[in-house]
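See structure below.
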Amino acid sequence: MLQHAYHASLAYEPTRQALVVADFYTDRIEVYDVSGRTIGQISGPEHFPPVFEVEQVRGQFVKASTDETRHAYIDVITTPQYIFALYSGKFWPEELSWHGFYIHVFDWSGKLVRAFALPVPTLQIVLTPDGKALLGSVEEPEPALYYFFLPVK
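Structure below.
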């Protein structure tokens, strides 16, 4: 249950000198060196902790989502300069709350560089090799990939 409450996405910094853990149920991103030592923690815009309750299903204790459960960072990717985090911020019962609606871009010191809305609710992201666009996977209205040019600073 605790593992589910701290569900996260992982990404290596491209030179593999750091590892990023972006939390699904709390708007927090943790940065570790390759030995596993914490070297930084980034707080998202709303600073909310994971909220969950325990329930029993078919004799097993499981994490129960409640009306207070929120989704935060759905996916994360990195470049040598930035951390791109796909963010929801929506409460669990809201439609498509487990999708990202925004991209938060942080530098490696944890400073929010910019944030922008996505045109469609997104499940996963990758950066194009030239770093000018994102590819996103979506499931509504039907499964597809979309190409989204990053806003100019």
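2 is the number of the first residue of the sequence shown in our numbering; add one for each residue after it.
The beta carbon of each residue, even a glycine, is placed where N, CA and C say it ideally should be.
In this text the structure is predicted, and so the values were computed from the model without any measurement.
Review point. Using CA coordinates, which residue listed in F150, E14 and G37 is at the minimum distance from T80?
Key: Against the sequence shown, residue 80 aligns to sequence position 79. Residue E14 holds the alpha-carbon nearest to the alpha-carbon of T80 among F150, E14 and G37.
Exercise for review: Report buried or exposed for V139, applying the criterion of at least 16 other Cβ atoms within 10 angstroms of its Cβ.
Suggested key: The residue labelled residue 139 in the question sits at position 138 within the sequence shown. V139 comes out buried.
**Study point:** Exposure label - G90; buried when at least 16 CB within 10 Å
**Key:** Within the sequence shown, residue 90 is the residue found at index 89, counting from 1. Answer is buried; the Cβ neighbour count reaches 16.
Practice item. Apply the 10 Å Cβ neighbour rule to A86 and answer buried if 16 or more other Cβ atoms are within range, or exposed otherwise. Key: Taking the sequence shown and counting its residues from 1, the one referred to as residue 86 is at position 85. Answer is buried; the Cβ neighbour count reaches 16.
Check your understanding: From which residue to which residue does the beta strand (DSSP E) around H72 run?
Key -> The residue labelled residue 72 in the question sits at position 71 within the sequence shown. No beta strand (DSSP E) holds H72; DSSP gives it neither H nor E.
Point to revise | Buried/exposed call for A73, threshold 16 Cβ in 10 Å | key: Translated into the one-based positions of the sequence shown, residue 73 becomes position 72. Its Cβ being crowded by 16 or more others within 10 Å, A73 is buried.
Point to revise | Beta-carbon proximity list for I43, same chain, < 6 angstroms, skipping 5 on both sides | key: The count along the sequence shown starts at 1 and reaches residue 43 at position 42. If we look at I43 and ignore the five residues flanking it on each side, its Cβ neighbours are I30, F107 and G111.
**Study point:** Identity of the residue in R71, L151 and P142 nearest V127 by Cα
**Key:** Translated into the one-based positions of the sequence shown, residue 127 becomes position 126. Comparing Cα-Cα distances from V127 to each of R71, L151 and P142, the minimum goes to L151.
**Study point:** Member of D24, E141, S66 and D28 whose CA lies at the smallest distance from the CA of P159
**Key:** Any answer about residue 159 is impossible in this case: the structure gives the chain only from 2 up to 154.
Check your understanding: Does the beta-carbon distance from W93 to T70 come in below 8 angstroms?
Key -> Translated into the one-based positions of the sequence shown, residue 93 becomes position 92. Translated into the one-based positions of the sequence shown, residue 70 becomes position 69. Taking 8 angstroms as the Cβ cut-off, W93 and T70 qualify as a contacting pair.
Check your understanding: If we ignore side chains and look at the alpha-carbon of each, how far apart do Y33 and Y83 end up?
Key -> Here residue 33 corresponds to residue number 32 of the sequence shown, with the count starting at 1. Here residue 83 corresponds to residue number 82 of the sequence shown, with the count starting at 1. Taking the straight line joining both Cα atoms gives about 15 angstroms.
Point to revise | Cβ neighbours of G37 in the same chain (closer than 7 angstroms, five flanking residues each side left out) | key: Looking up residue 37 in the sequence shown gives position 36. Excluding sequence neighbours, G37 sits near nothing in its chain.
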